[in-house]
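In numbering that gives the first Met the number 0, the protein residues as written are 0 to 118. Using N, Cα and C, we set each Cβ at its ideal position, and we do this for glycine too. A short write-up of the structure that comes next.
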Amino acid sequence: MTTTKVTTTATTTSVAHLLRLKLLKSNYLMWKTQFLPLLRSQGLSPIVDLRHCQPDPPGNFIVNPKYEAWYKNGRMVFSWIVSSLKKSVFPTIVDLHTAKSAWHAFARAYASGNPIKIA
Numbered sequence: 000m001t002t003t004k005v006t007t008t009a010t011t012t013s014v015a016h017l018l019r020l021k022l023l024k025s026n027y028l029m030w031k032t033q034f035l036p037l038l039r040s041q042g043l044s045p046i047v048d049l050r051h052c053q054p055d056p057p058g059n060f061i062v063n064p065k066y067e068a069w070y071k072n073g074r075m076v077f078s079w080i081v082s083s084l085k086k087s088v089f090p091t092i093v094d095l096h097t098a099k100s101a102w103h104a105f106a107r108a109y110a111s112g113n114p115i116k117i118a
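This is how it looks when you write it as structure tokens:
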């Protein structure tokens, strides 16, 4: 018996109504506390988790559906993160392009040495 793991993509594109608290330099832990359940409920927490690697990108004429789903979900989560920021924290991610890099930049910048697990 063979089982096939299906990679799905989240369908929620607008989360402004779910993320009421915008990230400031002073409220990182509260912001993270509201954001993580959303990611987990959509099966997207691996997008920001350092323990998870991205799937192999497609090669010449080779499609990798896992990579395509990972890429699409990653861009969506990045847009959620960006939409949940106050203007004052944008400089933290100005040169970053992935949800994972943004997530961990905020942890480094605003977690204040808390040993709390990031993802």
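Figure out for me which residue from the options has the closest Cα to the Cα of residue i.
i	options	result
Ile92	Ser44, Leu23, Leu38, Gln33	Leu23
Lys31	Pro54, Lys65, His96, Ile80	Ile80
Gly73	Val88, Ser13, Pro45, Ala106	Pro45
His51	Ala104, Ala108, Trp69, Asp94	Trp69
Between the beta-carbon of residue i and the beta-carbon of residue j, is there less than 8 Å?
i	j	result
Leu20	Leu37	no
Lys99	Val62	no
Pro54	Lys65	yes
Leu43	Val76	yes
Could you spell out the range, first to last residue, of the alpha helix (DSSP H) harbouring residue i?
i	result
Val62	Segment: none, Val62 is in no alpha helix (DSSP H) and carries neither H nor E.
Thr91	Segment: none, Thr91 is in no alpha helix (DSSP H) and carries neither H nor E.
Ser40	27–40
Lys120	Past the boundaries of the shown model lies residue 120; the chain is included only from 0 to 118, so the question cannot be answered.
Indicate the three-state DSSP secondary structure (helix, strand or coil) for residue i in the structure shown.
i	result
Leu22	strand
So residue i packs on residue j, CB below 8 Å; how close in whole Å?
i	j	result
Ser83	Phe34	7 Å
If you measure from the CB of residue i, is any heavy atom of the ligand PLP nearer than 7 Å?
i	result
Lys85	This structure lacks the ligand PLP, and indeed carries no ligand of any kind.
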